[in-house]
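J.: The listed protein sequences correspond, in order, to chains A and B. Using this note's numbering, read the first sequence as starting at 1 and increasing by one per residue. Using this note's numbering, read the second sequence as starting at 413 and increasing by one per residue.
Protein chains: 2
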Amino acid sequence: MNAEVIAIGTELLLGFVVNTNTTSLGRMLARLGIDCTRQVTVGDNPARLSEAIQTALGRADLVITCGGLGPTVDDVTLETIGRATGRRLILNRPILRGIEARFKRQKIRMPASNRRQGLLPEGAVPFPNQLGTAPGFLLRLKNSKILVALPGPPAEMLPMVEQHLVPRLKKLSGGRILRSRTLKLTGATESEVDAKVRDLLALEGAATVGIYAHPGQVDLRITASGGSEREVKRQIATVERRILARVRGLFYGADEETLEGVVGQLLKKNRKTLAVAESCTGGLVSERITRVSGSSAYFLGSVVSYSNEIKSIGLSVPPLLLRRHGAVSPQIAGAMAEGTRRLAGSDFGLAVTGIAGPTGGSKAKPVGLVYIALNWAGGTRITESLFSGNRAIIRFKASQAALNLLRLHLLK
Amino acid sequence: MNAEVIAIGTELLLGFVVNTNTTSLGRMLARLGIDCTRQVTVGDNPARLSEAIQTALGRADLVITCGGLGPTVDDVTLETIGRATGRRLILNRPILRGIEARFKRQKIRMPASNRRQGLLPEGAVPFPNQLGTAPGFLLRLKNSKILVALPGPPAEMLPMVEQHLVPRLKKLSGGRILRSRTLKLTGATESEVDAKVRDLLALEGAATVGIYAHPGQVDLRITASGGSEREVKRQIATVERRILARVRGLFYGADEETLEGVVGQLLKKNRKTLAVAESCTGGLVSERITRVSGSSAYFLGSVVSYSNEIKSIGLSVPPLLLRRHGAVSPQIAGAMAEGTRRLAGSDFGLAVTGIAGPTGGSKAKPVGLVYIALNWAGGTRITESLFSGNRAIIRFKASQAALNLLRLHLLK
Chain A
1 MNAEVIAIGT
11 ELLLGFVVNT
21 NTTSLGRMLA
31 RLGIDCTRQV
41 TVGDNPARLS
51 EAIQTALGRA
61 DLVITCGGLG
71 PTVDDVTLET
81 IGRATGRRLI
91 LNRPILRGIE
101 ARFKRQKIRM
111 PASNRRQGLL
121 PEGAVPFPNQ
131 LGTAPGFLLR
141 LKNSKILVAL
151 PGPPAEMLPM
161 VEQHLVPRLK
171 KLSGGRILRS
181 RTLKLTGATE
191 SEVDAKVRDL
201 LALEGAATVG
211 IYAHPGQVDL
221 RITASGGSER
231 EVKRQIATVE
241 RRILARVRGL
251 FYGADEETLE
261 GVVGQLLKKN
271 RKTLAVAESC
281 TGGLVSERIT
291 RVSGSSAYFL
301 GSVVSYSNEI
311 KSIGLSVPPL
321 LLRRHGAVSP
331 QIAGAMAEGT
341 RRLAGSDFGL
351 AVTGIAGPTG
361 GSKAKPVGLV
371 YIALNWAGGT
381 RITESLFSGN
391 RAIIRFKASQ
401 AALNLLRLHL
411 LK
Chain B
413 MNAEVIAIGT
423 ELLLGFVVNT
433 NTTSLGRMLA
443 RLGIDCTRQV
453 TVGDNPARLS
463 EAIQTALGRA
473 DLVITCGGLG
483 PTVDDVTLET
493 IGRATGRRLI
503 LNRPILRGIE
513 ARFKRQKIRM
523 PASNRRQGLL
533 PEGAVPFPNQ
543 LGTAPGFLLR
553 LKNSKILVAL
563 PGPPAEMLPM
573 VEQHLVPRLK
583 KLSGGRILRS
593 RTLKLTGATE
603 SEVDAKVRDL
613 LALEGAATVG
623 IYAHPGQVDL
633 RITASGGSER
643 EVKRQIATVE
653 RRILARVRGL
663 FYGADEETLE
673 GVVGQLLKKN
683 RKTLAVAESC
693 TGGLVSERIT
703 RVSGSSAYFL
713 GSVVSYSNEI
723 KSIGLSVPPL
733 LLRRHGAVSP
743 QIAGAMAEGT
753 RRLAGSDFGL
763 AVTGIAGPTG
773 GSKAKPVGLV
783 YIALNWAGGT
793 RITESLFSGN
803 RAIIRFKASQ
813 AALNLLRLHL
823 LK
């Protein structure tokens with residue numbers, strides 16, 4: 001079974017609103033093992049919408065429209081579906097009564113325009129709307145194709161999908177399921193990862209692997225489909241083992257796991273505490289660590305030392321050392337890491353100093369140069385990196401490298 | 413002139429990634445008065461992509477593809493465009509040298525697969541990529557149609573669009589223009605703002621107003637179209653004056669302005685310096701302030717005090733005060749603000765302490781309770797708020813309120 005999604009709304013074409021509905025519907029279809037081959041967005045324009053619906057019905061078994069079911073004149077989906085499928089619009093009394101009751105509850109007089117929302121194409125299965133007035137519906141067409149219409153506001157659409165659409169599609173999709181698992185890697189470029197797993201990216205068959213690059217991170221996504229949850233999980237696990245054997249230390253977590261979450265778990269497991277000192281990242285490392293609920297169990301705090309004074313007073317970095325080496329140097333990174341560890345009385349001190357740009361770089365110390373230091377009672381590790389990208393990306397990559405340095409140390 | 417956008421990537425169809433590229437491109441086209449009639453998303457599938465390109469070229473004057481230009485085997489856009497337009501792929505030496513130089517700068521050996529990114533369809537105008545390896549390009553076809561290919565990562569695509577595509581499209585489009593201006597408000601809910609401007613939201617004519625709510629922020633977007641830049645700007649300015657007269661202190665900036673940027677400008681203008689102390693926001697306030705390039709001119713640093721020890725030692729908060737009132741209290745917020753101001757020797761100390769949740773709340777001090785304090789040589793201001801939302805939203809709202817407290821003080 002394959003599907004196409006049609007999003008309707010001029011505001012989407014004009015870029016006023018990010019289209020998260022197709023993302024949600026894409027995820028829902030993938031979960032059910034229904035192959036979504038195309039998403040189309042058109043404006044509130046009957047001719048283009050009609051053309052889009054007919055083209056989609058010519059190609060796909062299931063077509064889902066989203067948006068344009070409201071009571072106003074620029075909501076054209078209902079009439080257009082009626083015309084495109086040759087179905088009359090018929091008043092559905094229970095739906096109309098539901099809409100009327102909704103206005104009554106809110107003590108608002110129902111505008112005449114809302115009466116139109118009680119209309120449905122002949123033969124449609126209505127999906128009542130718990131959180132708005134526009135009902136959705138499912139229409140089985142003669143050639144066994146299915147057309148589904150959903151309202152546009154995500155708060156109305158999402159519960160309707162879970163309550164009414166998913167149960168019906170589960171029956172129709174005939175049990176085939178599709179699952180995916182994302183392996184998250186850091187510490188190597190997309191090309192370096194690609195070189196290690198290129199043959200697996202060309203896998204054809206029940207399980208496939210895709211590679212996706214983000215700043216400071218490369219994802220490998222394994223996708224498999226099959227007749228049962230067990231079969232699909234086994235296929236994914238087989239490919240995962242082959243990947244992990246090649247990427248080793250680069251892999252830090254899967255799916256919803258985050259680098260800051262994984263580092264937090266490792267600290268907790270090892271009963272270690274952490275303090276941070278940040279210069280160019282400006283608080284990002286601490287902010288990421290404290291996104292994790294419960295991080296107060298291992299994170300004691302940090303000092304963001306944008307001025308040399310704070311490095312000296314707050315972190316006990318000797319002013320002489322600052323003058324001799326400059327704030328962006330391995331020596332200062334080391335001194336910051338030790339300073340924050342001693343200040344907080346933690347097991348680890350993690351420090352970042354660098355030049356995030358766009359200004360402040362020099363030939364000797366260019367934009368993107370970042371020193372990261374990890375200090376513990378037994379020693380210090382200091383790394384030098386040259387990150388590319390704009391200010392935000394350099395800062396993110398530096399935070400990623402800092403968290404990863406700690407992760408790799410905790411794994412040893 | 414009309415346009416269609418084709419986004420390429422199986423991860424978009426599967427809902428793994430929200431498609432913000434078409435949103436950005438839609439906004440860019442609207443700004444130039446180019447009518448975007450359709451957005452299509454297809455997977456990394458040569459046959460479907462080829463069909464989508466040919467259909468779009470049959471309908472639109474301008475077709476923009478986005479994604480699939482990377483170095484890996486599942487990046488099929490370049491070859492597919494070559495085949496769909498009947499153009500050979502030719503090595504572009506300057507582009508290749510740029511890619512090679514990029515690897516050299518990063519001291520990484522260039523993988524063979526990246527060489528392929530030096531290829532362009534015959535006759536294409538290359539768009540060099542400042543932040544990645546894949547170049548974009550513009551191809552004029554025989555029937556005077558234009559095909560543009562852009563890389564998928566937004567960090568690479570957006571600067572390329574502004575630098576290379578927009579100037580070229582400006583020359584080509586001519587005629588009617590559409591502009592919008594977003595007024596950003598903080599310190600009131602959507603309903604409160606709505607009550608102040610409801611009549612303006614119903615404006616019909618050349619200029620319209622929309623309201624959009626985000627956590628800790630409400631946007632009012634004025635949109636106008638007309639024959640000339642001057643005419644459109646005048647229409648927007650008229651509506652803007654009417655709005656500003658009603659929302660006063662809630663308005664902090666427009667369009668690309670950020671709250672942290674506006675606060676930074678005010679500090680700079682007043683020649684004042686700032687230090688921060690954060691508890692529940694974990695570094696977010698500092699991280700936002702330091703997103704602004706040049707923030708070292710007014711931001712001295714911060715202490716993220718997750719443990720009481722750091723509050724006492726790093727910020728000189730008396731342990732007795734902590735025991736008496738607890739870390740989440742107006743007294744401790746005030747002591748933190750003064751402590752960080754004294755430590756850094758800054759003009760202002762800004763402090764946040766609260767309960768971000770989901771755990772740690774109590775009947776007396778529920779999740780979402782946040783105290784914010786601003787301390788200066790002449791006094792202290794302390795606010796109490798109860799924010800709703802999850803951990804991330806509560807933290808963001810707290811950072812927004814902290815920055816806004818400083819902004820309103822600097823405006824006095």
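C-beta: ideal position from N, C-alpha, C; glycine also.
Any Cβ of chain B within less than 8 angstroms of the Cβ of Pro215/A?
T.: Interface residue, yes.
J.: Return the bridge partner residues of Lys184/A from the DSSP annotation.
T.: Answer is Asp219/A and Gly253/A, bridged to Lys184/A.
J.: Within 8 angstroms of any Cβ in chain A, is that where the Cβ of Glu641/B sits?
T.: So no, Glu641/B is outside the interface.
J.: Taking only the alpha-carbon atoms, compute the straight-line gap between Ser180/A and Thr765/B and give it to the nearest angstrom.
T.: Those two C-alpha atoms are separated by around 40 angstroms.
J.: If you drop the 5 nearest sequence neighbours on each side, which residues of the same chain put their C-beta closer than 6 angstroms to that of Gly339/A?
T.: Cβ neighbours of Gly339/A beyond the five flanking positions: Leu315, Ser316 and Val317.
J.: For Cys36/A and chain B, any beta-carbon pair shorter than 8 angstroms?
T.: Taking Cβ atoms only, chain B reaches closer than 8 angstroms to Cys36/A, which makes this a yes.
J.: Taking the alpha carbon of Asn431/B as the point to measure from, which residue in Lys583/B, Gly455/B, Ala524/B and Pro627/B has its own alpha carbon closest?
T.: Taking only the C-alpha atoms, the option nearest Asn431/B is Gly455/B.
J.: Can you tell me which of Glu796/B, Gly801/B and Ser603/B puts its alpha carbon nearest to the alpha carbon of Gly769/B?
T.: Taking only the C-alpha atoms, the option nearest Gly769/B is Gly801/B.
J.: For Arg291/A, name the three-state secondary structure that DSSP assigns.
T.: DSSP places Arg291/A in coil when its eight states are reduced to three.
J.: Within the 8 angstroms Cβ cut-off, does Ile794/B reach chain A?
T.: False, the Cβ-Cβ gap to chain A never drops below 8 angstroms.
J.: Quick one: measure Cβ to Cβ for Arg521/B and Pro483/B, integer angstroms, because I've assumed they're closer than 8 angstroms.
T.: About 14 angstroms; that fails the 8 angstroms criterion.
J.: Looking at the C-beta of Tyr718/B, does it have a partner C-beta in chain A at a distance below 8 angstroms?
T.: Yes, Tyr718/B counts as interfacial toward chain A.
J.: State buried or exposed for Glu190/A, treating a residue as buried only when at least 16 other CB atoms are found within 10 Å of its CB.
T.: Counting Cβ neighbours within 10 Å, Glu190/A comes out buried, since at least 16 surround it.
J.: Keeping to the same chain, check which residues put their C-beta closer than 7 angstroms to that of Arg580/B; ignore five residues upstream and five downstream.
T.: Cβ within range, chain order: Leu550.
J.: Of the residues Gly15/A, Ile8/A and Ile34/A, which one's Cα is nearest the Cα of Leu425/B?
T.: Ranking the options by Cα distance to Leu425/B, first place goes to Ile34/A.
J.: For a test of the three-state rule: what should DSSP assign to Ala155/A, helix, strand or coil?
T.: Of the three classes helix, strand and coil, the one that applies to Ala155/A here is helix, per DSSP.
J.: If you follow the alpha helix (DSSP H) that His325/A is part of, which residue opens it and which one closes it?
T.: Taken as a continuous stretch (DSSP letters only), the alpha helix (DSSP H) holding His325/A covers Pro319 to His325.
J.: Identify whether Asn457/B lies in helix, strand or coil by the three-state DSSP scheme.
T.: Note: Asn457/B maps to coil in three-state DSSP.
J.: From Gly361/A to Arg391/A, what does the alpha carbon distance come to, in whole angstroms?
T.: About 12 angstroms.
J.: List, in chain order, every chain A residue whose beta-carbon is nearer than 9 angstroms to that of Lys519/B.
T.: Leu386, listed in chain order.
J.: Alpha carbons only, please: which of Arg140/A, Ser307/A and Ala401/A is nearest the one belonging to Pro121/A?
T.: Comparing Cα-Cα distances from Pro121/A to each of Arg140/A, Ser307/A and Ala401/A, the minimum goes to Arg140/A.
J.: Do you know offhand how far Leu678/B's Cα is from Lys824/B's?
T.: Going by the C-alpha atoms only, they are around 11 angstroms apart.
J.: Can you have a look at Asn414/B and say buried or exposed, based on whether 16 or more other CB atoms are within 10 angstroms of its CB?
T.: With fewer than 16 other Cβ atoms within 10 Å, it is exposed.
J.: Hey, out of Lys142/A, Asn129/A and Lys397/A, whose CA is closest to Gly152/A's CA?
T.: Selected option, being the one with the closest Cα: Asn129/A.
J.: For the stretch 480-497 of chain B, which residues have a beta carbon sitting closer than 8 angstroms to at least one beta carbon of chain D?
T.: Note that chain D does not occur in the displayed structure, where the protein chains are A and B.
J.: Is it buried or exposed, His626/B, if we count other Cβ atoms within 10 angstroms and call 16 or more buried?
T.: Exposed.
J.: So the alpha helix (DSSP H) Gly123/A belongs to, where does it begin and stop?
T.: From DSSP, Gly123/A is part of no alpha helix (DSSP H); its letter is neither H nor E.
J.: On the three-state DSSP scale, how would you describe Phe387/A?
T.: Phe387/A falls in the coil class under three-state DSSP.
J.: Let me know the secondary structure DSSP gives Val161/A once reduced to three states.
T.: Of the three classes helix, strand and coil, the one that applies to Val161/A here is helix, per DSSP.
J.: According to the Cβ coordinates, are Tyr306/A and Ser279/A closer than 8 angstroms?
T.: Yes.
J.: Please state if the CB of Tyr371/A and the CB of Glu423/B are separated by a distance shorter than 8 angstroms.
T.: Going by C-beta atoms, Glu423/B is not nearer than 8 angstroms to Tyr371/A.
J.: Measure the alpha-carbon distance for Leu712/B versus Arg700/B and round it to whole angstroms.
T.: Their backbone Cα atoms lie some 14 angstroms apart in a straight line.
J.: Kindly indicate which residue of Leu734/B, Cys478/B, Gly599/B and Val621/B has the alpha-carbon position closest to the one of Ala636/B.
T.: Checking every option, the nearest Cα to that of Ala636/B belongs to Val621/B.
J.: Output needed for Thr449/B: all residues of its chain with C-beta closer than 8 angstroms, excluding positions within five of it in sequence on either side, in chain order.
T.: Closer than 8 angstroms at the Cβ level, and outside the excluded window around Thr449/B, lie Asn414, Ala415, Glu416, Arg471 and Ala472.
J.: Quick test of your reading: Ala814/B and Leu762/B, contact by CB under 8 angstroms. State the CB separation rounded to the nearest angstrom.
T.: Yes, they are in contact, since the Cβ atoms of Ala814/B and Leu762/B sit about 6 angstroms apart, within 8 angstroms.
J.: Would Leu503/B count as contacting chain A if we go by Cβ distances under 8 angstroms?
T.: Taking Cβ atoms only, chain A never reaches closer than 8 angstroms to Leu503/B, which makes this a no.
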